[in-house]
Amino acid sequence: MLLDNSSDIVGTRARLTKVNEPTDDEFKLFRDLVLKDLGLEWGDDKKYLLYARLQRILQEHQLETFQSYYDYIESGENMKDRQLLHNAVTTTKSGFYREKQHFEFLRENVFPVMKDQNNTTHSKLRFWSAGCSSGEETYTLAMEAHEFFGKAMISNGGLRILGSDVNTGVLESAINGGYSEEQTSTIPAALQKRFFIPEPVGKNDPQRKINREIKKLIQFRQFNLMANVYPIATKFQLIFCRNLLYYLHPDKREYLLKKLVDHLETGGWLVLGITETGYKVEGMEKLSLSIYQKS
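For the sequence shown, our numbering begins at 163 and goes up steadily by one.
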């Protein structure tokens, strides 16, 4: 049976549809589509990216041209396929303690203020990791908050963190919460020991899973930041939206910034990527490291 299956696989690969590279007109169709759906801005030099990321999908649908795939997507026959397109074209780089200066800033300047406010008002802490990808940023936020505020303050709903992304593929990884040794190597050893459970799945692929103590602080949800209305009924004291604006069309960037500010409490903090500088954020005071506070 194994030999037969292997032969079938080889035969299937041999019969894969040959996909033609996108023409200029086909590229423009998809450039407009990802702008409309996701706010992404593709320059003319991104034609190679379209082919590299979608070739396999076209083969699976036995389509030879990008025009055929575009017509299929726009027909609306299967929204799952449109979601797969979104998954394929979004950039999903993430990492634990990426741009660690931000977490140092939280410990030194943001969390102490939140703690003082909580002692007075007993308000609940609500954070949002927007564009959370595979969850590393969201879990880093949760670990840092747990360490600073302590279990007593954040338990029983005292802290809730939302992690959202448009890409359902990376969200599955985030919800699973399993990471390789290499992925977790940037986490301080003490936190690895405290918040991760070793789950070896093979000699060459040991996994470490986030423990329940951290997972219960987080809710992961799929939605599009370009939507007219967000499925969110709360405002946040802290929003992370890092290294996403760079990919957006200027008009969409302005739209997203306004939406994020609208979902911040007065006095709340918005954290952008360190290299995402030069943006004017209405109603916000710029602090440092691309961190803003709502006035």
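Note that beta-carbon positions come from the ideal geometry of N, C-alpha and C, so glycine has one too.
Notebook entry, point to check: For residue 397 versus residue 427, is the C-beta distance shorter than 8 angstroms?
Noted result: Against the sequence shown, residue 397 aligns to sequence position 235. Against the sequence shown, residue 427 aligns to sequence position 265. Yes.
Next item on the list: Compute the beta-carbon to beta-carbon distance between residue 201 and residue 414, rounded to the nearest angstrom, for a pair I have assumed lies under 8 angstroms.
Entry: Here residue 201 corresponds to residue number 39 of the sequence shown, with the count starting at 1. Here residue 414 corresponds to residue number 252 of the sequence shown, with the count starting at 1. Indeed they touch by this definition, with Cβ atoms about 3 angstroms apart.
Checklist line | N-terminal and C-terminal residue of the alpha helix (DSSP H) that residue 112 is part of | finding: Nothing can be reported for residue 112: it is not among the residues displayed for the chain, which extend from 163 to 457.
Next item on the list: Please go through the same chain and pick out, in chain order, the residues whose beta-carbon is closer than 7 angstroms to the beta-carbon of residue 250, but skip the five residues on each side of it.
Entry: The residue given as residue 250 occupies position 88 in the sequence shown. Closer than 7 angstroms at Cβ, skipping near neighbours: 215, 216 and 219.
Check: Applying the criterion that 16 or more other CB atoms from any shown protein chain within 10 Å of the CB defines a buried residue, is residue 505 buried or exposed?
Finding: Residue numbering for the chain in the displayed model covers 163 to 457; residue 505 lies beyond these limits and cannot be assessed.
Next item on the list: Please name the residue in 204, 350 and 343 whose C-alpha comes closest to that of residue 360.
Entry: For the purposes of this step, residue 360 is identified with residue 198 of the sequence shown, where counting begins at 1. Here the closest residue by C-alpha is 343.
Next item on the list: Please list, in chain order, all residues of the same chain as residue 204 whose beta carbon is under 7 angstroms from its beta carbon, the five residues on each side excluded.
Entry: Translated into positions along the sequence shown, residue 204 becomes position 42. The residues are 193 and 196.
Note to self: Using CA atoms only, rank isn't needed, just tell me which of 339, 297 and 382 is closest to residue 394.
What the structure shows: Counted from its first residue, the sequence shown places residue 394 at position 232. When each option's Cα is compared against that of residue 394, the closest is 382.
Item checked: Bridge partner(s) assigned by DSSP for residue 465 -> Here the chain comprises residues numbered 163 to 457, so residue 465 is not present and cannot be evaluated.
Note to self: To the nearest angstrom, how far is the alpha carbon of residue 228 from that of residue 402?
What the structure shows: As a position in the sequence shown, residue 228 is number 66, starting the count at 1. As a position in the sequence shown, residue 402 is number 240, starting the count at 1. Approximately 35 angstroms, taken between the alpha carbons.
Checklist line | For residue 230, the first and last residue of its enclosing alpha helix (DSSP H) | finding: What you label residue 230 is simply residue 68 of the sequence shown in a count that begins at 1. Start and end: 228-237.
Next item on the list: Identify whether residue 293 lies in helix, strand or coil by the three-state DSSP scheme.
Entry: As a working note, residue 293 is residue 131 in the sequence shown. Correct three-state label for residue 293: coil.
Next item on the list: Could I get the ranges of all uninterrupted beta strand (DSSP E) runs contained in the segment 361-418, with 3 residues as the minimum, in chain order?
Entry: Here the runs fully enclosed are 368-372, 380-384 and 398-402.
Notebook entry, point to check: How about residue 346 and residue 265: are their beta carbons less than 8 angstroms apart?
Noted result: Sequence index remark: in the sequence shown, residue 346 carries index 184 (1-based). Sequence index remark: in the sequence shown, residue 265 carries index 103 (1-based). It is not a contact, given that the beta carbons lie outside the stated cut-off.
Checklist line | Segment contact, 8 angstroms Cβ cut-off, at least three pairs: the segment 436-452 with the segment 296-316 | finding: no
Item checked: Secondary structure of residue 260, DSSP reduced to three states -> For the purposes of this step, residue 260 is taken as residue 98 along the sequence shown, with counting starting at 1. Looking at residue 260 - three-state DSSP - the assignment turns out to be coil, as it is neither helix nor strand.
Notebook entry, point to check: For residue 254, which residues from the same chain have a beta carbon less than 7 angstroms from its beta carbon, with the 5 sequence-adjacent residues on both sides left out?
Noted result: Numbered from 1 along the sequence shown, position 92 holds the residue referred to as residue 254. For residue 254, the CB contacts under 7 angstroms within the same chain, skipping 5 residues up- and downstream, are 295, 296, 329 and 332 in chain order.
Item checked: Limits of the unbroken alpha helix (DSSP H) element including residue 335 -> For this step, residue 335 is matched to residue 173 along the sequence shown. Note, residue 335: alpha helix (DSSP H), 330-338.
Note to self: Taking 7 angstroms as the limit between beta carbons, can you name the residues of its chain near residue 226, skipping five residues before and five after?
What the structure shows: Within the sequence shown, residue 226 is the residue found at index 64, counting from 1. Answer for residue 226: 179, 180, 181 and 182, listed in chain order.
Notebook entry, point to check: Is the Cβ-Cβ distance between residue 322 and residue 269 less than 8 angstroms?
Noted result: In the sequence shown, the residue the question calls residue 322 occupies position 160. In the sequence shown, the residue the question calls residue 269 occupies position 107. By the CB criterion at 8 angstroms, residue 322 and residue 269 fall outside the cutoff.
Next item on the list: Select from 387, 223, 224 and 190 the residue whose C-alpha is nearest the C-alpha of residue 211.
Entry: Within the sequence shown, numbered from 1, the residue matching residue 211 stands at position 49. It is 190 whose Cα lies nearest to the Cα of residue 211.
Margin query: Taking the alpha helix (DSSP H) that residue 433 belongs to, which residues open and close that run?
Written below: Residue 433 sits at position 271 when you count from the first residue of the sequence shown. Looking at the DSSP string, residue 433 is not in any alpha helix (DSSP H); the run it does join, the beta strand (DSSP E), is 426-433.
Next item on the list: Consult DSSP for residue 436 and reduce its assignment to one of helix, strand or coil.
Entry: In the sequence shown, the residue the question calls residue 436 occupies position 274. In the structure shown, residue 436 sits in coil (DSSP, three-state: anything other than H, G, I, E or B).
Checklist line | Per-residue DSSP class, three states only, for residue 324 | finding: The sequence position of residue 324 within the sequence shown is 162, counting from 1. Strand at residue 324.
Next item on the list: Put residue 349 into one of helix, strand or coil per three-state DSSP.
Entry: Working through the sequence shown from its first residue, we reach residue 349 at position 187. Residue 349: coil per DSSP, three-state reduction.
Check: Shortest alpha-carbon distance to residue 273 belongs to which of 337, 371 and 310?
Finding: Reading the sequence shown from its first residue, position 111 is the one you call residue 273. Nearest C-alpha to residue 273 among 337, 371 and 310: 310.
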